[in-house]
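The numbering of the sequence shown is the working numbering, which starts it at 40 and goes up by one. Cβ atoms here follow ideal geometry from the backbone N, Cα and C, with glycine treated the same way. What follows is a short report on a single structure.
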Amino acid sequence: MTIRGKLIVGFSIILGMLLISVLFVLDMVSDSNDRLKRIVDVSAKKVNLSHEILIGVLEASRHEKISL
40 MTIRGKLIVG FSIILGMLLI SVLFVLDMVS DSNDRLKRIV DVSAKKVNLS HEILIGVLEA
100 SRHEKISL
């Protein structure tokens with residue numbers, strides 16, 4: 040095998056390893072993004088519910104003050 044052939048094989052192996060690592064990293068980033076979306080969706084719903092509870096408590100307090 041000539042030097043040119045050895046270089047082509049070597050660089051092909053390196054490019055293959057690079058491609059495999061890029062695919063692995065993209066998969067990990069996708070999983071991380073999915074987990075982050077779930078966390079944000081759950082937290083946003085909790086914040087909205089707590090805001091609605093606060094509004095309900097304030098309205099009840101206002102009605103109580105009016106009735107006194």
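Straight-line Cα distance separating residue j from residue i
i, j, result
"residue 92", "residue 69", "35 Å"
"residue 54", "residue 64", "15 Å"
"residue 87", "residue 96", "14 Å"
"residue 44", "residue 52", "12 Å"
Cβ-Cβ distance between residue i and residue j below 9 Å
i, j, result
"residue 48", "residue 56", "no"
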